[in-house]
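Structure, as structure tokens:
Numbering (this note's numbering), first residue to last: 54 to 277.
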């Protein structure tokens with residue numbers, strides 16, 4: 054379903070599939086040459102510059118929006134499930150093994166990675182697809198620009214919109230807080246993330262991003 058309609062460079066292509074009574078088999082594309090974003094982050098000392106993190110996040114958010122729009126809830130968006138093509142620099146969402154059909158009602162089971170699980174599931178045993186997706190995107194961004202995963206003390210500050218990191222821009226800190234707010238009703242909407250100030254870049258900002266992308270391409274080549 055995620056492949057329904059025009060193909061997206063940010064979602065892995067389903068080449069073939071076969072349905073069995075108790076399981077199914079999917080044959081998925083494996084772009085080459087490519088590298089997982091997790092491995093790339095490791096090769097960069099476990100931290101990305103904001104500009105490159107923004108470049109990655111923009112593509113991941115577009116992939117997440119496309120999945121929801123086409124009726125698929127990926128449910129396991131994380132560094133290990135993102136690959137970057139070392140020639141085109143396209144970022145692609147892979148591994149739909151934890152996925153489910155998208156619906157607007159609550160889910161009562163979680164099959165993804167615990168560190169990306171929304172706090173409302175631990176508190177109430179239920180969650181909604183879009184706020185949960187936003188939370189996982191927040192964990193992703195936090196990890197890329199901070200170099201470690203968020204913990205309980207971070208969430209306490211986010212509850213009151215007080216979280217920030219001096220090494221980050223105010224816009225980046227605010228977006229992280231907006232994605233990781235413990236209350237799902239207070240989180241930024243999935244469709245509003247790309248409208249956030251952190252993604253509002255001027256032509257001069259885009260010029261500044263180009264050297265960063267060239268540098269990342271060199272790091273990718275070294276990591277392959």
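Just so it is clear, CB atoms sit at the ideal spot from N, CA and C, and this is done for glycine as well. For clarity, every value in this text was computed on a predicted model and none was experimentally measured.
From which residue to which residue does the beta strand (DSSP E) around residue 96 run?
Here the question's residue 96 lines up with position 43 in the chain shown. Note, residue 96: premise wrong, no beta strand (DSSP E); alpha helix (DSSP H) at 90 to 96.
Go ahead and label residue 250 buried or exposed: buried means 16 or more other beta carbons lie within 10 angstroms of its beta carbon, across all protein chains shown.
For this step, residue 250 is matched to residue 197 along the chain shown. Per the 10 Å Cβ criterion, exposed.
What did DSSP end up calling residue 180 once you bin it into helix, strand or coil?
Taking the chain shown and counting its residues from 1, one reaches residue 180 at position 127. DSSP places residue 180 in strand when its eight states are reduced to three.
Counting only the same chain and skipping the five closest in sequence on each side, list residues whose C-beta sits under 7 Å from that of residue 225.
As a working mapping, residue 225 is identified with position 172 in the chain shown. Excluding residues within five positions, the ones whose Cβ falls inside 7 Å are 103, 198 and 251.
Is the region 228 to 242 in contact with the region 128 to 148, if contact means three or more CB pairs nearer than 8 Å?
no
Taking residue 138 as part of the beta strand (DSSP E), name the residues at either end of that continuous run.
Looking up residue 138 in the chain shown gives position 85. 135 to 138 is the span of the beta strand (DSSP E), which, as asked, contains residue 138.
Give the C-beta separation of residue 167 and residue 181 to the nearest angstrom, bearing in mind that I take them to be a contact with Cβ-Cβ under 8 Å.
Here residue 167 refers to the residue found at position 114 of the chain shown. Here residue 181 refers to the residue found at position 128 of the chain shown. 18 Å between Cβ atoms; not a contact.
Alpha carbons only, please: which of 246, 179, 145 and 169 is nearest the one belonging to residue 228?
Taking the chain shown and counting its residues from 1, one reaches residue 228 at position 175. Looking at the Cα atoms, 246 is the closest of the given residues.
Please name the residue, chosen from 121, 120, 126 and 130, that lies closest to residue 109 on a Cα-to-Cα basis.
For the purposes of this step, residue 109 is taken as residue 56 along the chain shown, with counting starting at 1. Among 121, 120, 126 and 130, the Cα nearest to that of residue 109 belongs to 130.
Looking at the unbroken beta strand (DSSP E) that takes in residue 247, where does it start and where does it end?
For the purposes of this step, residue 247 is taken as the residue at position 194 of the chain shown. Here residue 247 belongs to no beta strand (DSSP E), and DSSP marks it neither H nor E.
As a quick exercise: from 98, 152, 187 and 139, pick the residue whose alpha carbon is nearest that of residue 124.
Position 71 of the chain shown holds residue 124. Minimum Cα distance to residue 124 is reached at 152.
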